[in-house]
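Asks:
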Amino acid sequence: MSRAMKRTMTAAAALLAPLPSFAAALEGQAVKQPLNATAILMFLAFVALTLGITYWAARRTQSRADFYTAGGGITGFQNGLAIAGDYMSAASFLGISALVFGSGFDGLIYSIGFLVGWPVIMFLIAERLRNLGKFTFADVASYRLDQRSIRKLAAAGTLITVAFYLIAQMVGAGQLIKLLFGLDYNVAVVLVGVLMIVYVTFGGMLATTWVQIIKAMLLLGGASFMAFMVMRHVGFSVEDLFEQAVAVHKDGVAIMAPGKLVKDPVSAISLGLALMFGTAGLPHILMRFFTVKNAAEARKSVFYATGFIGYFYILTFIIGFGAIVLVGTNTFYLDGTSPAGGLRGGSNMAAIHLAHAVGGDVFLGFISAVAFATILAVVAGLTLSGATAVSNDLYAHVFKRGKADEQDEIRVSKYATVALGILAIVLGIVFEKQNVAFMVGLAFAIAASANFPILLLSMVWRGLTTRGAVIGGSLGLLSAVTLTVLGPAVWVKVLGHATPIFPYDAPALFSMSIAFAGCWIGSVTDRSARARIEKSRYIEQLVRAETGYGATGASSH
Amino acid sequence: MSNENPTHDGAPPADEVAVAPEIRRILESPAFAELRTRRRRFAALLTVLMLAIYYGFIVAIAFAPGWLATPISGVITLGIPLGLGVIVAAIVLTGVYVRRANGEFDRLTATAIRSALS
Chain E
172 MSRAMKRTMT AAAALLAPLP SFAAALEGQA VKQPLNATAI LMFLAFVALT LGITYWAARR
232 TQSRADFYTA GGGITGFQNG LAIAGDYMSA ASFLGISALV FGSGFDGLIY SIGFLVGWPV
292 IMFLIAERLR NLGKFTFADV ASYRLDQRSI RKLAAAGTLI TVAFYLIAQM VGAGQLIKLL
352 FGLDYNVAVV LVGVLMIVYV TFGGMLATTW VQIIKAMLLL GGASFMAFMV MRHVGFSVED
412 LFEQAVAVHK DGVAIMAPGK LVKDPVSAIS LGLALMFGTA GLPHILMRFF TVKNAAEARK
472 SVFYATGFIG YFYILTFIIG FGAIVLVGTN TFYLDGTSPA GGLRGGSNMA AIHLAHAVGG
532 DVFLGFISAV AFATILAVVA GLTLSGATAV SNDLYAHVFK RGKADEQDEI RVSKYATVAL
592 GILAIVLGIV FEKQNVAFMV GLAFAIAASA NFPILLLSMV WRGLTTRGAV IGGSLGLLSA
652 VTLTVLGPAV WVKVLGHATP IFPYDAPALF SMSIAFAGCW IGSVTDRSAR ARIEKSRYIE
712 QLVRAETGYG ATGASSH
Chain F
5 MSNENPTHDG APPADEVAVA PEIRRILESP AFAELRTRRR RFAALLTVLM LAIYYGFIVA
65 IAFAPGWLAT PISGVITLGI PLGLGVIVAA IVLTGVYVRR ANGEFDRLTA TAIRSALS
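Protein chains in written order, with this note's numbering: chain E, 172 to 728; chain F, 5 to 122.
(1) Which of the three DSSP states, helix, strand or coil, is assigned to threonine 696 (chain E)?
(2) Quick one: is glycine 423 (chain E) buried, meaning 16 or more other Cβ sit within 10 Å of its Cβ, or exposed?
(3) Kindly indicate the opening and closing residues of the alpha helix (DSSP H) around isoleucine 617 (chain E).
(4) Just checking: is the beta-carbon of serine 119 (chain F) within a distance shorter than 8 angstroms of some beta-carbon in chain E?
(5) What number of angstroms, rounded off, separates the C-alpha of alanine 522 (chain E) from the C-alpha of leucine 351 (chain E)?
(6) Buried or exposed for aspartate 164 (chain E), going by 16 or more other Cβ atoms inside 10 Å?
(7) Answer with yes or no whether the minimum CB distance from glycine 83 (chain F) to chain E is below 8 angstroms.
(8) In chain E, what lies closer than 7 angstroms to leucine 98 (chain F) by C-beta?
(9) Let's test the definition: count the other Cβ atoms within 10 Å of the Cβ of arginine 230 (chain E) and tell me whether it reaches 16, buried, or not, exposed.
(10) Compare the C-beta of serine 192 (chain E) against all C-beta atoms of chain F and say whether one is closer than 8 angstroms.
(11) CA-CA distance, proline 659 (chain E) and histidine 668 (chain E)?
(12) Report the three-state DSSP secondary structure of proline 39 (chain F) (helix, strand or coil).
(13) With the cut-off set at 8 angstroms, would you say phenylalanine 308 (chain E) and alanine 326 (chain E) are in Cβ contact?
(14) If we count Cβ pairs, one from each stretch, closer than 8 angstroms, do we get three or more for the segment 258-273 of chain E versus the segment 591-601 of chain E?
(15) Three or more C-beta pairs closer than 8 angstroms, one from the segment 69-86 of chain F and one from the segment 453-464 of chain E: is that the case here?
(16) Count Cβ pairs between the segment 640-654 of chain E and the segment 401-417 of chain E that sit closer than 8 angstroms; are there 3 or more?
(17) Using DSSP with H/G/I as helix, E/B as strand and the rest coil, what is leucine 486 (chain E)?
(18) Going by beta carbon distance, what residues of the same chain come within less than 7 angstroms of glycine 719 (chain E), once the five residues before and after it are set aside?
(19) Which residue marks the beginning of the beta strand (DSSP E) containing isoleucine 76 (chain F), and which one marks its end?
(20) Alanine 616 (chain E) and serine 682 (chain E): beta carbons closer than 8 angstroms?
(21) Going residue by residue through the segment 416-489 of chain E, where are the continuous alpha helix (DSSP H) segments of at least 4 residues, counting only ones entirely within it?
(22) In terms of DSSP beta bridges, what is leucine 514 (chain E) paired with?
(23) My output table needs one value for isoleucine 672 (chain E): the three-state DSSP class, helix, strand or coil.
(24) Please name the residue in E:Ile283, E:Tyr239, E:Gly242, E:Phe534 whose C-alpha comes closest to that of phenylalanine 61 (chain F).
(25) Would you be able to state if there are at least three C-beta pairs under 8 angstroms between the segment 568-576 of chain E and the segment 369-383 of chain E?
(26) Can you tell which of E:Leu565, E:Val714, E:Val656, E:Val663 has the C-alpha that lies nearest to the C-alpha of glutamine 729 (chain E)?
(27) Which residues in the same chain have their Cβ closer than 7 angstroms to the Cβ of threonine 486 (chain E), if we skip the five residues on either side of it in sequence?
(28) Any contact between the segment 225-240 of chain E and the segment 437-451 of chain E? By contact I mean 3 or more CB pairs, one from each, below 8 angstroms.
(29) Chain E partners of glycine 87 (chain F), CB-CB under 8 angstroms?
(30) I want to see whether chain F comes within less than 8 angstroms of lysine 413 (chain E), judged by CB atoms only; does it?
(31) What's the call for valine 92 (chain F), buried or exposed, on a 16-neighbour Cβ count within 10 Å?
(32) Can you say whether valine 342 (chain E) is buried or exposed, counting buried as having 16 or more other CB atoms within 10 angstroms of its CB?
(33) Counting only the same chain and skipping the five closest in sequence on each side, list residues whose C-beta sits under 6 angstroms from that of aspartate 310 (chain E).
(34) By the DSSP assignment, the alpha helix (DSSP H) with glutamine 712 (chain E) in it spans what residues?
(35) Kindly indicate which residue of E:Ala253, E:Leu295, E:Gly278, E:Thr329 has the alpha-carbon position closest to the one of asparagine 622 (chain E).
(36) Give the DSSP-derived three-state secondary structure of threonine 232 (chain E) in the structure shown.
In structure tokens form, the structure reads like this:
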């Protein structure tokens, strides 16, 4: 047995417990491993490369537009890769392949939910968003509405979404790095926080985008290699792969059909809504649409992103089944001490073990380094969108009423990045031993219930007024958080009560309905003079949304 | 409302967009009307299609899991091609939209803007 392998193998606890009904589960404690030299060397190479890019990007990042949106000079293809990078987190790579390893078909159901938001973004949002906005989605939502009220609301929605997403990523990062690299949890969290601050403050959106692109290529490349090796093992016969998996899996033929993931129709539909429309309300994703020069490039970005993400989910499906055949049957990867005979290091190690099974120690180190890089890139994107909400929405438009000095605003954005980075480190350490499995789900629910309704309605419904948007958006935010806290994921699993007050894990079906109803009632009962002006400005907004006439283009360098 | 001030604070849209005559001309151009109708219809059709495909799949899982478990070839069940089909459909539908939008719709847009500026 190789040394590198032994180190990884002896991990005792699950990094991510078997996925519950929602999102990236980040439960359980990982046991610190001895230092893994191969993985660390490869990770250092990644860090050196990305710091080089940050240095290059910093020299090209002077204006506000450079900092927030890389001057609008990213191509559709590059942006598609970067979006895919934002979306393919380490938790989805390890979590979905683990779900396929554990229950087969259910993993496919789960990944499909994460993909179907993209066509909806394309058909309903992408081009209007690009034509109307400049730096944040609040630019669009507040286009004809009251700047200060809407931006306060949008910034709250952005920061809360980013905070929950960030905590989940930081805790996941700490656990994963402890497990794969043998670094101390706190060291890992601080390392991620500091690197992310460096990328964002010095390199802005340009560096963040390229870090994202490189990471996406490494992850897609690594996953493709694993899927290829799995298919080679079964003689490139899909049928053989499934047959061998069914033959050795403890659930036998049951892994080829829906299992326990979907409990009841209400949960299934509610989860589907959260994933579909939450994707269309994630601030760090929406911000990516302003990095390309026009609507045509924005559409291309969505197409490439959908293609890469869909391809990635198909790979995780093959990887999960490959792990059943190659990892699940090899006692080398199994935890002999546990009665259930699960994987060493926990169920979420399926893809990591498979990396060793098909590519040996070096490839194991490579995949570990890619997982680390993935977390780093995702937190950088999240932090940049949070910092932009602080500097562009709150500082420049709410505090300075649209009259902020450009250099001051950039400075505020950098301070906000540092503050968010430190906050992420602190929260990552505070939540180390907490069950944060519900947080990604909550982030999606808030994005779907607070951000998405006001963004969509402001663009397509003439009747939306500031009053309606503020009432609907606030109610959506409040109900998504309240129902999540009262639901099984927090009330039972975190707070330890016996039965949940709200029976479903995913609140989106209810909180989205409340948000849309609030927007509607608040708007139609709004008889103010301001409401009349806002409705009359819809025509001008419509022309710009549909044609891009007057939209901000790429800035020249 | 926390803010009683009905004026807009001079954010990008208010002072960057040249309002009035040419906006009016774009609005009234036949190409713009054509663009809106065609695009709305196409986007609505594709959205409904995507929702139907995805929720059809979810409803099948919730109410007819046995049907999805029907073997079609060896151990492969009907659910496998259908599930992978949803992924492929999502990619294909976005591709179909981009193709038409970046071609036909963008040409109409250019015509609408040109007619308004001449």
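We put the beta carbon where it would ideally sit given N, CA and C, even for glycine.
Replies: Put simply:
(1) Threonine 696 (chain E) falls in the coil class under three-state DSSP.
(2) That one is exposed.
(3) From DSSP, the alpha helix (DSSP H) with isoleucine 617 (chain E) extends over 609-617.
(4) Serine 119 (chain F) does not count as touching chain E.
(5) Their Cα atoms are separated by approximately 12 angstroms.
(6) Absent from the structure is residue 164 (chain E), since the part of chain E shown begins at 172 and ends at 728.
(7) It does: the Cβ of glycine 83 (chain F) has a partner Cβ on chain E nearer than 8 angstroms.
(8) What sits at residue 98 (chain F) in the sequence shown is threonine, not leucine. Within 7 angstroms Cβ-Cβ: Trp289, Pro290, Met293, Val473, Phe474, Thr477.
(9) Answer is exposed; the Cβ neighbour count stays below 16.
(10) A caution first: serine 192 (chain E) carries a pLDDT of 33, below 50, which makes its placement in the model unreliable, though a value can still be read off. Taking a beta-carbon distance threshold of 8 angstroms, serine 192 (chain E) does not count as an interface residue toward chain F.
(11) So the alpha carbons of these two residues sit roughly 9 angstroms apart.
(12) Checking the sequence shown, residue 39 (chain F) turns out to be leucine, not proline. The answer is helix: DSSP assigns leucine 39 (chain F) an H, G or I state.
(13) No, they are not a contact pair.
(14) With the rule of 3 Cβ pairs closer than 8 angstroms, the segment 258-273 of chain E does not count as touching the segment 591-601 of chain E.
(15) They do not touch, by the three-pair rule.
(16) As far as the Cβ criterion goes, the segment 640-654 of chain E does not touch the segment 401-417 of chain E, which means the pair count is below three.
(17) Per DSSP, reduced to three states, the secondary structure at leucine 486 (chain E) is helical.
(18) Within the same chain, and ignoring the five residues on either side of glycine 719 (chain E) in sequence, the residues whose Cβ sits closer than 7 angstroms to its Cβ are Asn302, Asn465, Ala466.
(19) Start and end: 75-77.
(20) Yes.
(21) Here the runs fully enclosed are 436-450, 454-458.
(22) As DSSP reads the structure, leucine 514 (chain E) sits in a beta bridge with E:Leu505.
(23) Correct three-state label for isoleucine 672 (chain E): coil.
(24) Answer by Cα proximity: E:Ile283.
(25) The segment 369-383 of chain E makes no contact with the segment 568-576 of chain E; the number of CB pairs closer than 8 angstroms stays below 3.
(26) With chain E covering 172 to 728 only, the question about residue 729 (chain E) has no answer from this structure.
(27) Residue 486 (chain E) is actually leucine in this sequence, not threonine. For leucine 486 (chain E), the CB contacts under 7 angstroms within the same chain, skipping 5 residues up- and downstream, are Ala394, Ser395, Ala398 in chain order.
(28) Flag = no, the segment 225-240 of chain E and the segment 437-451 of chain E do not touch.
(29) Neighbours of glycine 87 (chain F) on chain E, chain order: Phe276, Leu279, Ile280, Ile283.
(30) Note on residue identity: the sequence assigns phenylalanine, not lysine, to residue 413 (chain E). Among the residues facing chain F, phenylalanine 413 (chain E) is included, as its CB has a counterpart in that chain under 8 angstroms away.
(31) Result: exposed.
(32) Buried, because 16 or more other Cβ atoms sit within 10 Å of the Cβ of valine 342 (chain E).
(33) The beta carbon of aspartate 310 (chain E) lies closer than 6 angstroms to those of Gly304 in the same chain, with the five residues before and after it left out.
(34) Residues 709-718.
(35) Checked all of E:Ala253, E:Leu295, E:Gly278, E:Thr329; the closest Cα to asparagine 622 (chain E) is E:Thr329.
(36) Correct three-state label for threonine 232 (chain E): coil.
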